[in-house]
Amino acid sequence: NIEQILEFRVMPYASTQLMVVVRDVTRLKQLEQMRKDFVANVSHELRTPLTVVTGYLEMMDSDMMPPPAMWNKAQNTMLEQCKRMDSLVTQLLSLSRIEGARKQNNDKAVNVPLLLNYIQTEANSINQQKKHQLIFNIDTSLDISGSADELRSAFSNLVFNAIHYTKPGGKITICWQRQNDRACFSVTDNGDGIAPEHINRLTERFYRVDKARSRTTGGSGLGLAITKHVLTRHNSQLKISSVLGQGSCFSFDFSSNKIVPMSSTVQTSGK
Ligand code: ADP
Numbered sequence: 172n173i174e175q176i177l178e179f180r181v182m183p184y185a186s187t188q189l190m191v192v193v194r195d196v197t198r199l200k201q202l203e204q205m206r207k208d209f210v211a212n213v214s215h216e217l218r219t220p221l222t223v224v225t226g227y228l229e230m231m232d233s234d235m236m237p238p239p240a241m242w243n244k245a246q247n248t249m250l251e252q253c254k255r256m257d258s259l260v261t262q263l264l265s266l267s268r269i270e271g272a273r274k275q276n277n278d279k280a281v282n283v284p285l286l287l288n289y290i291q292t293e294a295n296s297i298n299q300q301k302k303h304q305l306i307f308n309i310d311t312s313l314d315i316s317g318s319a320d321e322l323r324s325a326f327s328n329l330v331f332n333a334i335h336y337t338k339p340g341g342k343i344t345i346c347w348q349r350q351n352d353r354a355c356f357s358v359t360d361n362g363d364g365i366a367p368e369h370i371n372r373l374t375e376r377f378y379r380v381d382k383a384r385s386r387t388t389g390g391s392g393l394g395l396a397i398t399k400h401v402l403t404r405h406n407s408q409l410k411i412s413s414v415l416g417q418g419s420c421f422s423f424d425f426s427s428n429k430i431v432p433m434s435s436t437v438q439t440s441g442k
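Here is the structure:
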């Protein structure tokens, strides 16, 4: 939170006078702060898994070599941390590509029901431990124009977040339906919920309500930032409503001019 910052410069004017130039540098300072925060966050996020891997490798190279019974655990932990770094770098690249790209001008028809079908398959495999009731309520006649890759990441971020932030045995409903000429996507869960003071900050890069918790779920705090940018590029906006301890609903919709008409509607369940 930076208040207004003014920069004063005194310069010679004509031969006998001085001129004071006042410049509002608030935005410049804000951008500089954001850049610094971003670099600090990236460094921190990459350093954490590196520290774990280095720790194990140093242990193996010293007298403190863990007993063979622990090798398997050490190997799995190192692998997990390497995957974490890999996923962080992938997300960072994807964020920078989406942020840097211009607004959609080469839209293609995207088969959203098929995308959601792939996501449902992935969700079912992750869900084996959590055993949530996953309900997919999909209008199979509803396609829109846009970027398939980007839309897939927006849809899947919301679905996987609901799975991660809901206690085992929860209920998650995923809807892709027409409502008043608009194409609407929503993910509703009966999970942890989010306190009101966090809601407006969730789409900031690296913002996480509970850092430790998010890390154990493999989270990086970039998913919703990516989703926000994807939606902006598709002239849409992320809406979040949540009640702490009761659950959340993440949704967005597209105007009728994005809809590409097709055929029939079915209901599928991923349980
Ligand atoms: P992460 O990689 O940490 O999941 P995201 O940007 O996807 O990052 O989400 C940011 C934060 O929003 C999460 O760390 C979590 O605290 C909160 N969050 C996202 N989805 C949900 C949800 N369905 N229920 C509760 N909290 C959520």
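Its first residue numbered 172, the sequence shown is counted upward by one per residue in the UniProt record's numbering. Note that CB positions come from ideal geometry on N, CA and C, so glycine has one too.
Check, Outcome
"Top-ranked residue by Cα proximity to Arg354, from His405, Ser296, Met241 and Gly226", "Per the sequence shown, the amino acid found at residue 354 is Ala instead of Arg. Nearest option by C-alpha distance: His405."
"Near the ligand ADP: Phe423 beta-carbon under 8 Å from a heavy atom", "no"
"Beta-carbon contacts of Gly364 that lie in its chain and below 7 Å, excluding the five residues immediately before and after", "Ser413, Val414, Leu415, Gly416, Gln417, Gly418 and Ser419"
"Straight-line gap, Ser426 to Phe377 (C-alpha atoms, nearest Å)", "30 Å"
"Boundaries (first-last residue) of the alpha helix (DSSP H) holding Lys244", "Pro239 to Gly271"
"Spatially closest choice to Met401 from Arg268, Leu202 and Thr222, by CA coordinates", "Correcting the residue type first, residue 401 is Val in the shown sequence and not Met. For Val401, the nearest C-alpha among the options comes from Arg268."
"From Gly340, Glu251 and Gln304, residue whose alpha carbon lies closest to that of Thr222", "Glu251"
"beta-carbon Gly416 near the ligand ADP non-hydrogen atom, thresh 8 Å", "no"
"Beta-bridge partners of Thr359, as assigned by DSSP", "Thr344 and Cys420"
"Beta carbon of Thr359 nearer than 9 Å to that of Thr344", "yes"
"Beta-carbon proximity list for Ser422, same chain, < 6 Å, skipping 5 on both sides", "Ser357 and Lys410"
"Arg379 CB to nearest heavy atom of the ligand ADP below 8 Å", "yes"
"Near the ligand FAD: His335 beta-carbon under 8 Å from a heavy atom", "The ligand FAD is not part of this structure, which contains only the ligand ADP."
"Alpha-carbon spacing of Gly392 relative to Asp310, whole angstroms", "30 Å"
"Unbroken beta strand (DSSP E) run spanning Ile411, endpoints", "Lys410 to Val414"
"Under the three-state DSSP convention, the category Lys442 falls into", "Below a pLDDT of 50, predicted positions are generally treated as unreliable, and Lys442, at 43, falls in that range; no measurement from the model is reported."
"Distance, Asp314 Cα to Thr436 Cα", "Since pLDDT at Thr436 reaches only 39, below the 50 mark, its modelled position is unreliable, and the value read off the structure follows with that caveat. Straight-line Cα distance between these residues: approximately 12 Å."
"Strand pairing of Pro183, partner residues [DSSP]", "Leu189"
"For Gln175, three-class secondary structure by DSSP", "coil"
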